[in-house]
Amino acid sequence: MDIKDFIAPFAVWKRAFEKPFTVKKPIDERPGAPRYRGFHINDADKCVGCGTCEAICMNRAIDLVPVEGRDAKEGDSGLRPRVDYGRCCWCALCVDICPSGSLNMSNEYVWIDSDPDVFRYTPGVEPKPWDGSALGYRRAEGYRLLDGTRVPMPELDHHEAVKSFLELVRGWSREQAEKEADRCVSCGLCIASCPAHMEIPGYIKAVRDGDLETGLRLLYQTNPFPEACGRICTHRCEEACSIGTDGDPVAIRWLKRYIADQVELADYSKALPRKEASSGKRVAIVGAGPGGLSAAYYLALLGHEVTVHEKDEAAGGMLRYGIPEYRLPYPALDKDIGYIESLGVKIERGAPVGEGRSLASLRERFDAVFLSTGLPAAYGLDVPGEKHPRVLDGVAVLAAATRGQVLGLGARVAVVGGGNVAMDAARTALRNGASVDILYRRREEDMPADPDEIREAKAEGARLVEKAIPLEVKDAGGKARFVWNEATMVQKEAGKRPVPEPIPGAIHEEIYDSVISAIGQGPELSYIAEADGVEIRRFKPVVDRDGLATAAGKAPVFAGGDLVNDRKDAISAIADGHRAASAIDRLLSGKGA
Amino acid sequence: MRRQNEHVIPPETRATPDLSSGKYLVMWQGPQHPGITGNMSLRLVADGDTVVDCETHVGYLHRGFEKLMERRLWMQNFPLVCRIAVPEPDFNEYCYAAALEELAGVTVPEKAVWLRTLSLEMIRLASFLMWIGGQAGAFGHGTIAQWSVTMRDYVLDLFEELSGGRIYHMYIIPGGVRGDVPDGFLDHVLETMQVIKKNLDDIELVMFHNAVFKMRAVGLGYIPPDWVDKYGITGPNARSAGVARDLRKDLGYLAYPQLDFKLITGGRSDAFERAELRLAEMYQSIDLIRQIVARMPKDGPFRERLPNPLHWKIPAGETYVAAECTRGEYGFYVVSDGGDKPRRVAVRGPSYTHAVSVMERLVRGVNIADVAGLMVSLHTYPPEIER
Amino acid sequence: MNTASFQETLDFAIGRERAAVEFYRELTGKAAFAAQKSALAEFMAMEEGHVAMLTGMKSRGAVNLSPGAAVDLGLARRLAAEEEPTAAMDFQDILVAAIKKEERSGDLYRSLVAAALDPDVKAIFERLEAEESRHKRYFEELYETQVARDN
Amino acid sequence: MSDKKIIPAPLANEGLPPDERGLFCDAAPREYEPARGIMEDFANWARSESLWILGFGTGCGAIELRPLMTSRFDMYRYGIQPRPTPRQSSVFVIGGYASVKTLKRIVRSYEQMMGPKFVVALGSCTINGGMYWDSYNTIKRIDQYIPVDVYITGCMPRPEALLAGFQELKKIIRAGRAEGQNEYARNFEWFKANQKKVIKDWNMPDYNW
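Residue numbers (the numbering used here), protein chains in the order written: chain A, 467 to 1059; chain B, 773 to 1159; chain C, 44 to 194; chain D, 1085 to 1293.
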């Protein structure tokens, strides 16, 4: 110790005149940093209520609560996260993981109260002073906890694909499927949007865990057509997928296909539930499409004896005769149907109901009847000259292709319509070596077909002619001269979709070898007589929630599938079949109908 | 009376005093006591004003982290770990993240490595600044804390800018870090380092050339070098005892092998030297931060993409990842059974050895008034004692 | 407008609606199965409703119909020239027949509007024309959503 | 707070060794009776302007008290300063989570404080358990055990939030609404019953001030 040790400390007196460290008005002068993790803000319109924030929150600080004025709809649970600041640790994992990116944080941090019960609120719903704060924690650019990119699906090259009816989509390897399954956050928004309410997060988890038998069991709980649906389902679920709010939705359909593809038919019985003991009841099903066979599957499982009456020579309905082989190869469909038949379902092929096998007689012989005859008849173009021999029916063309008949479409084909049938017909024609024009009355974005289908049809070489209103078909030396009027889209009424309005004078015409009409299909209902007591309104049997069309008379009649529902896709038909099967079982077993 | 520069070699074995003799005074220091470094307590037995026996009592801050972590997903644990050592959360974050990365076989991008190093050095500086205020305060010198805690706050401002958090940064996430540096951040770092360096010069003048501090700290709490291995003493406490041990050099993790710094060791091993050594390490940290800022890659990804955190499974295995924190070796031992949650996490913090085993022995023979100063000179954080 | 011409105008309109009822009755006679009959019965009931409505207006002495014409979706003009529905008529055929019929009624009223000298009579015809356009719109909408779904 | 059920239980300092009886008060706390009108207003103003904090860092919240005490935020200018002993303090700052072992010391320190006394609770942990909501060793809601006047949310609340909290407390005190102490007296048995539910080794007197 020396004298310096007494003097040196005084040296810092020189700092006495420097600016002090003190912040004069700390509360007002010091906002949180631009990245500060303060109180939550949520864009309630962007938020879909998937609850991923709730799932990642280690503190259970987030609760999804119903919000007034926000109803559940497809792709939106109607719930919004409520944050409990008695739990929150401001880690912002919820912000990092939020699939839609709606949840963020403001840089506000002062909230004081005497009541411990007030520190919870629903951001974006209950107004707070920090709503809409521009500053605060946001997910950094290039940083996401979730993967917004789908694992690419190997597909045939389009030039290659158009040469044959080989299946276009090749399917995933185990590694690819597991990687895709990993993207799922199990929010379950998809379940609500699936007509059959399939246990989607459950089977995706099964893929992740490599437990495909569990996956298959979950699939068959609600859908006995996993091979078919894994390929051609309209996948409404993927539109609802929360990951799809800011990225590619999880490829639910391909994962379903992966499960079904990986399990051999011989192993199905190991994974799937056994048939219950015979109930001694007999059920007749009209139509061996997805609706009818689904009902058959669930009825057979419940121990009922099921006979399916099918007018065509093979089962599958539109899955077989309406969907080309390159989308749904017949072995895959046969696998689904084969398993249903293995449960003892009897399918009488080539046995149309109508003359000689009336609905009334079925009602005599069986304990219940389920009608699922679909929409087999194509509507005509309804323009002058529609009876021209080169004007073909789209559904019939597809069926002929299935039967392996020579289509004889010619070199230039026009397909009129914008639905999936139109796309299938166009691509079938392409595979038959034709050059194809697709004529649609509205714009491409209005087309009811799957965007994938449209994209692929175009990639394979089909030319899309938008806003073409069919006017007439004239004869041109055995060929068809198709005349159409170019349209312009006019928003005639607010809130409704725009109407194609013909542009005066903009008449085009083109000579085609074939004109395939695919503007829509209607039902075949001549087999239902008035005496059957099935109420029909506007060519649709009127059914209740369970699909019951009539209980009067002999055996009750149920109806479902395209015949009845508005969705008109396979999965809706499957859902109808399942629902009707449950209702029939309740009725037959007397378990409170 | 201890004289200047005289080491009291503390007795290692405990001679249980006969409390019924009436000769001894039993007193509690803590948990509610200004002379304790956190929420823990010492049961002191004093003969006159000299402590003859000490028993540490911990458990006031026990939250059961290691158990809680077994119930949470791998990623969900990342906000939890930083709470283990409150004044320097980043070491927890780093060790946990690095353990997971090792088990899962993830390589962290170069940029993240440097940002992690920056973050660790910044928190080292902040933690030392907090400590030096306490050290001076324990000897009645309140001014230092007025300065140094503010300097620490400036570092926290930097953290706030970088990560969005003041105390708990939650910046080092498994796979990398949570964001790149914001615009102008590195300039702010350099400016702040300038301010802190100037302040440290003042502190050196006022504290280390202060007769009172010298008289009370020199010779206090002598740690014999042979205790270092015996009791698992690490960090500045060990280096002050002359043992050249620093995980930054020994393990060479993160960007440390690419940085230019020397190991600082001492030999006198008393409270004064430990303080001096820590001051030197603060200067060293400033130097390291400047080096990092200068040499950090400007671009590149800052986080490796990991699987979906909601069902991230880590292959079965176990690992121990350690880092040199301000007080010594900080380590995470993580066992995975291949599931989505840790099977076992054990945290090794230096505070346990320093504040319990070493403290109980060093405090014998020390004046009651010096207990607080001695305790601070070991630099311990009670929340970290009980994981 | 004198009462007589009001009565006459409405009688004319009621006559049109009665003819429409007959139109559907005739079609029903051709129908072969339940679905056709129920659709025709529904449309016939609508026309009967119009008869009742117009009769009521006649007895009250006032026409309370909105003058706002519905949007023309333009289907009527381009759908194929009317063919007599047959026993195999499907929903499309029935709808087309209905749309065509409404279109014809509308056309008739339009020409009557042009021919009418009495502004009050003109107003009534205008309203009747608007009413027919709303009917047509109703059928066109059905056609769009139920038949030409894919086009 | 309305559903506080009074559990009638004999509360006494029974079980104390006779020689320690005299060290403790032998009566339950009483409610504070305010003086009249302007006198009480003046007293409340005085109380609000000299908040003396008990320097007991019960949890991690204590870390933000250091910046508050020192030059940058300088709470002394607001009449706030830490005191080393409960006897001199009027504000108890619960620094976040409280483990069961700490709770015992919190109760004891709180009871030893002279009235009028106030409690400020920091962070999520005191409100609803915070991130230790499923820990076996922490209590979830501090207001089950001692009355709380002001909660400041955050994890941790920043020094500015703390200052704002103290300003709020001042307002409450000035308005004469800082009822915590009276509430403790009114519901003494309820609080005691709650405390004893979690503190298993209750080896201290019930009236422990």
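Glycine included, C-beta positions come from ideal geometry on N, C-alpha and C.
{"Check": "Residue-chain proximity (C/Ser81, chain A), Cβ-Cβ < 9 Å", "Outcome": "yes"}
{"Check": "Under 8 Å from the C-beta of C/Val114: neighbouring residues of chain A", "Outcome": "Lys958, Glu959, Val965"}
{"Check": "Nearest residue (CA-CA) to A/Tyr734, options A/Leu809, A/Arg702, A/Gly899, A/Ala862", "Outcome": "A/Leu809"}
{"Check": "8 Å Cβ shell around D/Ser1086 - same chain, five flanking residues per side excluded", "Outcome": "Note on D/Ser1086: pLDDT 45, under 50, position unreliable in the model; the coordinate value appears next. Excluding positions up to five away in sequence, the list is empty."}
{"Check": "Residues within the stretch 1229 to 1249 of chain D neighbouring chain A, beta-carbon criterion of under 8 Å", "Outcome": "Val1232, Asp1233, Val1234, Tyr1235, Ile1236, Thr1237, Gly1238, Cys1239, Pro1241, Arg1242, Pro1243, Glu1244, Ala1245, Leu1247, Ala1248, Gly1249"}
{"Check": "Neighbour-count burial assignment, D/Met1198, 16 or more Cβ in a 10 Å radius", "Outcome": "exposed"}
{"Check": "Short Cβ contact (9 Å threshold) for B/Ile1157 with B/Ala1127", "Outcome": "yes"}
{"Check": "A/Val863 burial status per 10 Å Cβ neighbour count (16 or more: buried)", "Outcome": "buried"}
{"Check": "Contact test: C/Glu65 Cβ vs the ligand PLP heavy atom, cutoff 8 Å", "Outcome": "Absent from the structure shown: the ligand PLP. Ligands present: none."}
{"Check": "B/Asn982 (DSSP reduced to helix, strand or coil)", "Outcome": "coil"}
{"Check": "Min CB distance D/Thr1210 to chain B below 9 Å", "Outcome": "no"}
{"Check": "Selected residue, minimal CA-CA separation from A/Val881, among A/Cys564, A/Leu930, A/Leu634, A/Asp471", "Outcome": "A/Leu930"}
{"Check": "Short Cβ contact (9 Å threshold) for B/Gly905 with D/Arg1156", "Outcome": "no"}
{"Check": "Per-residue DSSP class, three states only, for A/Lys940", "Outcome": "strand"}
{"Check": "Contact set for D/Pro1092: own chain, Cβ-Cβ below 6 Å, skip 5 residues either direction", "Outcome": "A caution first: D/Pro1092 carries a pLDDT of 44, below 50, which makes its placement in the model unreliable, though a value can still be read off. Counting only Cβ-Cβ distances below 6 Å, and skipping sequence neighbours, we find nothing."}
{"Check": "Sufficient close CB pairs (3 or more, under 8 Å) joining the stretch 604 to 618 of chain A to the stretch 1075 to 1083 of chain B", "Outcome": "yes"}
{"Check": "Where the beta strand (DSSP E) containing B/Met847 begins and where it ends", "Outcome": "That residue, B/Met847, is in no beta strand (DSSP E); it is neither H nor E in DSSP."}
{"Check": "N-terminal and C-terminal residue of the alpha helix (DSSP H) that A/Ala1049 is part of", "Outcome": "1036 to 1055"}
{"Check": "Distance between A/Ile1050 and C/Ser176 (C-alpha atoms, nearest Å)", "Outcome": "45 Å"}
{"Check": "Span of the beta strand (DSSP E) around B/His829", "Outcome": "822 to 829"}
{"Check": "Own chain, CB closer than 6 Å to B/Val858, minus 5 neighbours either side, in chain order", "Outcome": "Pro1155"}
{"Check": "DSSP-derived helix/strand/coil call for D/Tyr1235", "Outcome": "strand"}
{"Check": "Entirely enclosed alpha helix (DSSP H) segments - the stretch 885 to 911 of chain A, minimum 4 residues", "Outcome": "886 to 897"}
{"Check": "Same chain, Cβ closer than 7 Å to A/Val950, neighbours up to 5 away in sequence not counted", "Outcome": "Checking the sequence, you will find Trp at residue 950 of chain A rather than Val. Cβ within range, chain order: Leu905, Ala934, Ile935, Pro936, Leu937, His974."}
{"Check": "Local Cβ density within 10 Å of C/Glu51, reported as buried at 16 or more and exposed below that", "Outcome": "exposed"}
{"Check": "Contact residues within the stretch 956 to 971 of chain B, judged by C-beta distance below 8 Å to chain D", "Outcome": "none"}
{"Check": "Where D/Glu1133 meets chain A, residues with beta-carbon distance less than 7 Å", "Outcome": "Residues of chain A passing the Cβ test: none, with the nearest at roughly 18 Å."}
{"Check": "Cβ neighbour criterion (16 or more within 10 Å) applied to B/Leu791", "Outcome": "exposed"}
{"Check": "Bridge partner(s) assigned by DSSP for D/Phe1176", "Outcome": "D/Val1203"}
{"Check": "Whole-Å CB distance - D/Gly1180 paired with D/Gly1139, under 8 Å assumed", "Outcome": "About 15 Å; that fails the 8 Å criterion."}
{"Check": "Simplified DSSP state of B/Ser813, which is helix, strand or coil", "Outcome": "strand"}
{"Check": "Meets three-Cβ-pair contact criterion under 8 Å: the stretch 504 to 519 of chain A and the stretch 694 to 714 of chain A", "Outcome": "yes"}
{"Check": "Three CB pairs or more closer than 8 Å across the stretch 536 to 545 of chain A and the stretch 567 to 580 of chain A", "Outcome": "no"}
{"Check": "Cβ pair B/Ala869, B/Pro946 closer than 9 Å", "Outcome": "yes"}
{"Check": "Nearest-angstrom Cβ-Cβ length linking C/Val94 and C/Glu60, presumed shorter than 8 Å", "Outcome": "5 Å"}
{"Check": "Range of the contiguous alpha helix (DSSP H) that encloses A/Lys812", "Outcome": "A/Lys812 -> not in any alpha helix (DSSP H); beta strand (DSSP E) instead, spanning 812 to 814."}
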